[in-house]
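Chains Y and U, in that order, are what the protein sequence lines are. Read in order, the letters of the first sequence are residues 1 to 280 in the numbering used here. Read in order, the letters of the second sequence are residues 1 to 280 in the numbering used here. Note that the Cβ used here is the ideal one computed from N, Cα and C, for glycine as well. Treat the numbers as computed from the prediction; the structure is a model and nothing was measured. Data block below; observations after.
There are 2 protein chains.
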Amino acid sequence: MPGLTAVDEDDVSSAPRDGAPTADGADRPPAPGTAVPEAPAVPEATVARLPQYLRALSALAEAGSRTVSSEALAEAAGVGSAKLRKDLSHLGSYGTRGVGYDVEQLHRHIADRLGQAASWRVVIVGVGNLGHALAGYSGFASRGFTVVGLFDDDPAVIGRVVGGLRVRPLEEFGEVVGEPGSAIAVLAVPARHAQAVCDRLVAAGTRSVLNFAPTVLRVPDGVDVRKVDLASELQILAFHAQRRAAAPAHRPSAAGPRGATGAPAGPLLPHALHRVEEVV
Amino acid sequence: MPGLTAVDEDDVSSAPRDGAPTADGADRPPAPGTAVPEAPAVPEATVARLPQYLRALSALAEAGSRTVSSEALAEAAGVGSAKLRKDLSHLGSYGTRGVGYDVEQLHRHIADRLGQAASWRVVIVGVGNLGHALAGYSGFASRGFTVVGLFDDDPAVIGRVVGGLRVRPLEEFGEVVGEPGSAIAVLAVPARHAQAVCDRLVAAGTRSVLNFAPTVLRVPDGVDVRKVDLASELQILAFHAQRRAAAPAHRPSAAGPRGATGAPAGPLLPHALHRVEEVV
DNA sequence: AAGCGTTTGTGAACGCGCGCACAAAGTCGC
DNA sequence: GCGACTTTGTGCGCGCGTTCACAAACGCTT
Numbered sequence: 001m002p003g004l005t006a007v008d009e010d011d012v013s014s015a016p017r018d019g020a021p022t023a024d025g026a027d028r029p030p031a032p033g034t035a036v037p038e039a040p041a042v043p044e045a046t047v048a049r050l051p052q053y054l055r056a057l058s059a060l061a062e063a064g065s066r067t068v069s070s071e072a073l074a075e076a077a078g079v080g081s082a083k084l085r086k087d088l089s090h091l092g093s094y095g096t097r098g099v100g101y102d103v104e105q106l107h108r109h110i111a112d113r114l115g116q117a118a119s120w121r122v123v124i125v126g127v128g129n130l131g132h133a134l135a136g137y138s139g140f141a142s143r144g145f146t147v148v149g150l151f152d153d154d155p156a157v158i159g160r161v162v163g164g165l166r167v168r169p170l171e172e173f174g175e176v177v178g179e180p181g182s183a184i185a186v187l188a189v190p191a192r193h194a195q196a197v198c199d200r201l202v203a204a205g206t207r208s209v210l211n212f213a214p215t216v217l218r219v220p221d222g223v224d225v226r227k228v229d230l231a232s233e234l235q236i237l238a239f240h241a242q243r244r245a246a247a248p249a250h251r252p253s254a255a256g257p258r259g260a261t262g263a264p265a266g267p268l269l270p271h272a273l274h275r276v277e278e279v280v
Numbered sequence: 001m002p003g004l005t006a007v008d009e010d011d012v013s014s015a016p017r018d019g020a021p022t023a024d025g026a027d028r029p030p031a032p033g034t035a036v037p038e039a040p041a042v043p044e045a046t047v048a049r050l051p052q053y054l055r056a057l058s059a060l061a062e063a064g065s066r067t068v069s070s071e072a073l074a075e076a077a078g079v080g081s082a083k084l085r086k087d088l089s090h091l092g093s094y095g096t097r098g099v100g101y102d103v104e105q106l107h108r109h110i111a112d113r114l115g116q117a118a119s120w121r122v123v124i125v126g127v128g129n130l131g132h133a134l135a136g137y138s139g140f141a142s143r144g145f146t147v148v149g150l151f152d153d154d155p156a157v158i159g160r161v162v163g164g165l166r167v168r169p170l171e172e173f174g175e176v177v178g179e180p181g182s183a184i185a186v187l188a189v190p191a192r193h194a195q196a197v198c199d200r201l202v203a204a205g206t207r208s209v210l211n212f213a214p215t216v217l218r219v220p221d222g223v224d225v226r227k228v229d230l231a232s233e234l235q236i237l238a239f240h241a242q243r244r245a246a247a248p249a250h251r252p253s254a255a256g257p258r259g260a261t262g263a264p265a266g267p268l269l270p271h272a273l274h275r276v277e278e279v280v
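See the structure below:
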């Protein structure tokens, strides 16, 4: 395999927006119990942006900034400043009025909220094409995630060492995940096996699943599933591309592409890049 | 490089292909006449769900169903039936009132709208960890996407053959992409190079980008960028997991898990699975 | 042909999230 | 200490998307 620098690094980033995150959907109506333990109730849309803010803050900290205005941080994260302020206010903001936000403090605060303080245990199930790549993905470690187990059912794969970890049979899954909910499972198995494997994971105490298989997973209440669907993303792009081709001339507004202003248009190609390999 | 069986599979079903090659066929229901191609204006949220519907339809077709009710299809796609009907109505629905939808016809219709009729050309930039996996991802081909080029800047990677394609230097990018907008670029390079590489791709005529790097890409108007951020997904799961840990007993409502009803709870583990390797 | 059950398509209400705009709050300069 | 400037925090209105509920449309049976 290609030797790659495991560089990783952070950056800046942001969420283009929303449009269509993954599945998502149905949120429960409120109202169950009586006394509510008092949930700060952070909107989902806000939660989805927190990682971006965190990355932007990391970059700023690395650049030496002590404080940031909502304007600057929003710019770095690619969102509107008002939205950012409102998002932060949901976390109980700690900004100073005439100054801005303390970079380090805000970073710590968001990191705490995202549970980054504790190093989350991640288990990758399905060490095939993608699972293999994920096992070697350095971006996880830098975000507080530690891959503690690789699982597969193929005898040809079991026993191999990937990214420093031995691939184990699914039967040993229970030995690796600790307390129910203490680990996040990454599902990278073929679609037709996804549900069955997911059931096993859940039975073993898994409460958080990141699903790469193009299938709708049925899980009991209390289990959180997020989906990453590569083919769907391409199909969505294809939809817009086709629409663009159909109505070439204009359609500047309407639906479609993410905003994004910048990009001085036709700048010359910035050459000096090397080692463009390691992923994301 | 891990030898993996390239098993794949996934869907199949009706042959998407048919007559009209690229260029938008005259599919539009109304408007034969004169001017405006008249954009039916399909909501973004709907577009994002079309791939799911398409998959569900593929499965149904394979299972032999001729027609489906909105109820059944919605169930298979994991959404509400009302939402599904409204979504389909945006495409100019072709359902029959007392019966439901013709599976094959609806499949063809959605596939057309997604541009699946024409086989989209996909270019992968950055053949590192993830790029390598994506190059071997068979799920693309089955959705009408053909990987026509692999690019990188690392001399150690250039020249290698991955998934039957030779990795070429970025300089040759222009030779592979055809008409502007005719290809979709998949960005799997380190975050710090993403913007620079993206600029080059756009300059070469790329109009659709799927970005795996955790960075905000600035692109000119008319360029569509979608982002897949693995670490963010984990962080969002971690947020919910932490919240759950904080208020253990309940919180069945609140934000969180995707809907999904089913899962008979604690079914015994379905054993007979083998070859759980190849990815998604 | 008429009635009945089924299922679509959609009008309308609801709720969430976004953006605007502004007052409160704090800093800096004098 | 006071005024002017800066920046946060948020109340309000708007638009999109979801959900409900129902009338119209269709097949099937009689």
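State the DSSP-derived secondary structure class of Val-122 (chain Y), mapped to helix, strand or coil.
strand
Taking DSSP's pairing of strands, which residues face Ser-208 (chain Y) in a bridge?
Y:Ile-184 and Y:Asp-224
What residue does the beta strand (DSSP E) around Arg-146 (chain U) start on, and which one ends it?
Per the sequence presented here, residue 146 (chain U) reads as Thr, with Arg not at that position. Per DSSP, Thr-146 (chain U) belongs to the beta strand (DSSP E) from 145-152.
Express the C-alpha separation of Val-216 (chain Y) and Ala-56 (chain U) in angstroms, rounding to a whole number.
9 Å
Which chain Y residues sit within Cβ distance under 9 Å of Ile-184 (chain U)?
Leu-234, Leu-237, Ala-238 and Ala-241
Answer with yes or no whether the minimum CB distance from Leu-130 (chain Y) to chain U is below 8 Å.
yes
Just to confirm my understanding: we take Ala-194 (chain U), look at its own chain, exclude 5 residues before and 5 after, and list those with CB closer than 8 Å. What are they?
Leu-187, Asn-211, Ala-213, Thr-215 and Leu-217
Is the number of C-beta pairs between the segment 122-136 of chain Y and the segment 99-106 of chain Y that are closer than 8 Å three or more?
no
Which of helix, strand or coil does DSSP assign to Val-189 (chain U)?
coil
Would you call the segment 62-77 of chain U and the segment 225-232 of chain Y in contact, with 3 or more CB pairs under 8 Å?
no
Taking the DSSP output, what are the residues bridged to Arg-166 (chain Y)?
Y:Val-161
Run through chain U and tell me which residues come within less than 8 Å of Ala-48 (chain Y), C-beta to C-beta.
Ser-232 and Ile-236
Would you tell me roughly how many angstroms separate the C-alpha atoms of Pro-59 (chain U) and Ala-76 (chain U), rounded to the nearest one?
Checking the sequence, you will find Ala at residue 59 (chain U) rather than Pro. When rounded, the distance between both Cα atoms is 9 Å.
Classify Asp-199 (chain U): buried if its beta carbon has 16 or more other beta carbons within 10 angstroms, exposed otherwise.
buried
Interface residues of chain U facing Gly-78 (chain Y) [CB-CB closer than 7 Å]
Val-216
Where does Thr-67 (chain Y) fall in DSSP's three states?
strand
Helix, strand or coil: how does DSSP classify Thr-46 (chain Y) here?
helix
Spatial neighbours of Val-42 (chain Y) within its chain, please: C-beta separation below 6 Å, excluding the five flanking residues on both sides.
His-90
Please list the residues of the segment 191-216 of chain U that have a C-beta atom closer than 7 Å to any C-beta atom in chain Y, keeping them in chain order.
Ala-191, Arg-192, His-193, Ala-196, Val-197, Asp-199, Arg-200, Ala-203, Arg-207, Ser-208, Leu-210, Phe-212, Ala-213, Pro-214, Thr-215 and Val-216
Sheet register partners of Tyr-101 (chain Y) (DSSP bridge):
Y:Val-68
Report the partner residues of Gly-95 (chain U) according to the DSSP bridge assignment.
U:Tyr-101
Interface residues of chain U around Ala-133 (chain Y) at Cβ under 7 Å?
Asn-129, Leu-130, His-132 and Ala-133
Distance check for Glu-44 (chain Y) and Gly-205 (chain Y), CA to CA, integer angstroms please.
24 Å
Spatial neighbours of Ala-72 (chain Y) within its chain, please: C-beta separation below 6 Å, excluding the five flanking residues on both sides.
none
Applying a beta-carbon distance threshold of less than 9 Å, which residues of chain Y neighbour Gly-178 (chain U)?
The contacting residues do not exist; Gly-178 (chain U) stays about 12 Å from chain Y at best.
Drop a sphere of 10 angstroms on the beta-carbon of Val-223 (chain Y), count the other beta-carbons inside from all chains shown, and report buried for 16 or more, exposed for fewer.
buried
In chain Y, what lies closer than 7 Å to Arg-297 (chain U) by C-beta?
There is simply no residue 297 (chain U) to check, as chain U begins at 1 and stops at 280 in what is shown.
Under the three-state reduction of DSSP, which class applies to Glu-277 (chain U): helix, strand or coil?
Because Glu-277 (chain U) carries a pLDDT of 35, less than 50, the predicted location of this residue cannot be relied on, and the following value inherits that uncertainty. Glu-277 (chain U): coil per DSSP, three-state reduction.
Does chain Y have any CB closer than 8 Å to the CB of Leu-106 (chain U)?
no
Rounded to whole angstroms, how far is the Cβ of Asp-152 (chain U) from the Cβ of Gly-174 (chain U), which I believe are closer than 8 Å?
Not a contact, Cβ separation roughly 16 Å.
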